[in-house]
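Peer 1: In the numbering used here, the protein residues as written are 1 to 81.
Structure in structure tokens, see below.
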Amino acid sequence: MSTIIGIKELQRGLKKVADAAQRGETFTVVRDSKPVFRIEPIPSGSKKNKTIGDLLEAASFSHSDRRLSQKIDEVVYGSRG
1 MSTIIGIKEL QRGLKKVADA AQRGETFTVV RDSKPVFRIE PIPSGSKKNK TIGDLLEAAS
61 FSHSDRRLSQ KIDEVVYGSR G
């Protein structure tokens, strides 16, 4: 279930919201009583934060590779298995 918060409340308590999201809580942010966006935790075990070095290392493919576009997507967005 998502907790509903206003933009001003988010501004005043951003650190608390970030801490709660890190613990698994989801927030729906509203402006003028209308949903604007959602804050949700990143699932554990999903993509880890990658460095540029990690991305360059993973980008080992030849120019003649027919799956070049797909491999680039896998490097940037992660494997879709």
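Think of the CB as a built atom: it goes at the ideal place given N, C-alpha and C, for glycine as much as any other residue.
#1: Could you spell out where the beta strand (DSSP E) holding Lys8 opens and where it closes?
#2: Helix, strand or coil for Ile4? Go by DSSP, reduced to three states.
#3: Taking the alpha-carbon of Pro110 as reference, which of Gln22, Ile7, Lys16 and Ser69 has the nearest alpha-carbon?
#4: Distance check for Gly78 and Met1, CA to CA, integer angstroms please.
#5: Would you list the residues sitting across from Val29 in a DSSP beta bridge?
Peer 2: Put simply:
#1: Position 8 of the sequence shown, counted from the first residue, corresponds to residue 8. Careful: Lys8 lies outside any beta strand (DSSP E), inside the alpha helix (DSSP H) at Ile7 to Arg12.
#2: For the purposes of this step, residue 4 is identified with residue 4 of the sequence shown, where counting begins at 1. Secondary structure of Ile4 (DSSP, three-state): strand.
#3: The requested residue 110 is not part of the displayed model; the chain covers only 1 to 81.
#4: Working through the sequence shown from its first residue, we reach residue 1 at position 1. Working through the sequence shown from its first residue, we reach residue 78 at position 78. Here the alpha carbons of Gly78 and Met1 stand approximately 27 Å from one another.
#5: Locating residue 29 in the sequence shown gives position 29, counting from the first residue. Val29 pairs with Ile5 and Phe37.
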